[in-house]
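Peer 1: Residue 199 in the working numbering sits at position 198 of the sequence shown, with consecutive numbering throughout.
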Amino acid sequence: MGFWNKLFGKNTNNEETIEMTKLNIGIVLGSTREGRVSPQVGQWVKEIADKRGDANYEIVDIADFNLPFLGTTDGTEPGIAAWNEKLASLDGFVFIVQEYNHSITGALKNALDFAREAWNDKAAGIVSYGSTGGARAAEHLRGIMGELMIADVRTHPTLSLFTDFENGSVFKPQDLHLDNVNLMLDQVNAWSGALKTLRK
Ligand SMILES: Cc1cc2nc3c(=O)[nH]c(=O)nc-3n(C[C@H](O)[C@H](O)[C@H](O)COP(=O)(O)O)c2cc1C
């Protein structure tokens, strides 16, 4: 603690702690099907995010939780509790969204439905893909996020199955998306930090 801080009673220990406490942001893979491309897209976002060093970023794979279809079991499957615990540990989200029949996947909707408070008062960004950049699915997700009290940020990178993938399966993103991903992450971090104060 420096002389001036001692004199004025400034608690630098607390400040250092606050500075060192990074937000936890989950990069949620929205698809679970065999042969899905979402892990490639999620990994690409994570690599861009990790270079920033401004938050703890992790891939959150819905498939890992073996969630049953909502309402078809007694709700005691360990994956349901684990899913809620994982979401509760996160301050914000980046949803990797793929377009299925002009909307989000059933797997993502089911996973969204399986939690409530763990989503509330947090922020999220969307990275989507499809024949028209997954835009229709992303807009559906925005409506759902309103109900779950997730604040969705404006900037939304949209990836084309035709120009950002080879044969619709090998992810080769164009460089032009990089700025948009970083801008989206700026907004997710800012809002996640602001909303954290509401949850205390
Ligand atoms: C059931 C199904 C429905 C689809 N519907 C659409 C669609 O409406 N619009 C679109 O752009 N792509 C559609 N697609 C193509 C997917 O966006 C594409 O296969 C994408 O790779 C799926 O993401 P995933 O590989 O992570 O599962 C559909 C794919 C599936 C499996």
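Note that the Cβ used here is the ideal one computed from N, Cα and C, for glycine as well.
Would you tell me roughly how many angstroms separate the C-alpha atoms of residue 74 and residue 114, rounded to the nearest one?
Peer 2: For the purposes of this step, residue 74 is identified with residue 73 of the sequence shown, where counting begins at 1. For the purposes of this step, residue 114 is identified with residue 113 of the sequence shown, where counting begins at 1. Rounded to whole angstroms, residue 74 to residue 114 spans 14 Å at the Cα level.
Peer 1: Would you mind working out which of 88, 95, 53, 186 sits nearest residue 39, comparing C-alpha positions?
Peer 2: What you label residue 39 is simply residue 38 of the sequence shown in a count that begins at 1. Among 88, 95, 53, 186, the Cα nearest to that of residue 39 belongs to 95.
Peer 1: For residue 95, which three-state DSSP category applies?
Peer 2: Indexing the sequence shown from 1 puts residue 95 at position 94. DSSP places residue 95 in strand when its eight states are reduced to three.
Peer 1: Starting from the C-beta of residue 104, find all residues in its chain whose C-beta is less than 6 Å away, skip the five residues before and the five after it, and write them out in chain order.
Peer 2: Looking up residue 104 in the sequence shown gives position 103. Once the five neighbours on either side are set aside, the close Cβ partners of residue 104 are 138, 141.
Peer 1: So what does DSSP say about residue 25, is it helix, strand or coil?
Peer 2: For the purposes of this step, residue 25 is taken as the residue at position 24 of the sequence shown. Strand at residue 25.
Peer 1: Ligand 1 and residue 161: does the residue's C-beta get closer than 6 Å to at least one heavy atom of that ligand?
Peer 2: What you label residue 161 is simply residue 160 of the sequence shown in a count that begins at 1. No, Cβ of residue 161 sits at least 6 Å from all heavy atoms of ligand 1.
Peer 1: Could you round the C-beta distance between residue 56 and residue 87 to whole angstroms and report it? I think they count as a contact, below 8 Å.
Peer 2: As a working note, residue 56 is residue 55 in the sequence shown. As a working note, residue 87 is residue 86 in the sequence shown. No, residue 56 and residue 87 are not in contact; Cβ-Cβ is about 16 Å, not under 8 Å.
Peer 1: Could you say which of 162, 109, 176 lies nearest to residue 143 if we only look at CA atoms?
Peer 2: In the sequence shown, the residue the question calls residue 143 occupies position 142. Out of 162, 109, 176, 109 has the C-alpha closest to the C-alpha of residue 143.
Peer 1: Report the start-end ranges of each alpha helix (DSSP H) in the segment 110-189 that is 4 residues or longer and not cut off at the edges.
Peer 2: Entirely contained in the segment 110-189, the alpha helix (DSSP H) runs reaching 4 residues are, in chain order, 136-148.
Peer 1: Between the alpha carbons of residue 192 and residue 174, how many angstroms are there, rounded?
Peer 2: Residue numbering aside, residue 192 sits at position 191 when the sequence shown is read from its first letter. Residue numbering aside, residue 174 sits at position 173 when the sequence shown is read from its first letter. Approximately 27 Å between the Cα atoms of the pair.
Peer 1: Is residue 102 close to ligand 1? I mean its beta-carbon at under 6 Å from any heavy atom of the ligand.
Peer 2: Residue 102 sits at position 101 when you count from the first residue of the sequence shown. It does: the Cβ of residue 102 is within 6 Å (strictly closer) of some heavy atom of ligand 1.
Peer 1: When you measure from the CB of residue 41 to every non-hydrogen atom of ligand 1, does any distance come out below 6 Å?
Peer 2: The residue given as residue 41 occupies position 40 in the sequence shown. No, the beta carbon of residue 41 sits no closer than 6 Å to any heavy atom of ligand 1.
Peer 1: So is the beta-carbon of residue 99 under 6 Å away from any non-hydrogen atom of ligand 2?
Peer 2: The model on display carries ligand 1 but not ligand 2.
Peer 1: By the 10 Å Cβ neighbour count, where 16 or more other Cβ atoms means buried, how is residue 100 classified, buried or exposed?
Peer 2: Here residue 100 refers to the residue found at position 99 of the sequence shown. The residue is buried, with at least 16 neighbouring Cβ atoms inside 10 Å.
Peer 1: Exposed or buried, residue 158, counting other C-beta atoms within 10 Å across all chains shown (16 or more means buried)?
Peer 2: In the sequence shown, counting from the first residue as 1, residue 158 sits at position 157. Flag for residue 158 reads buried.
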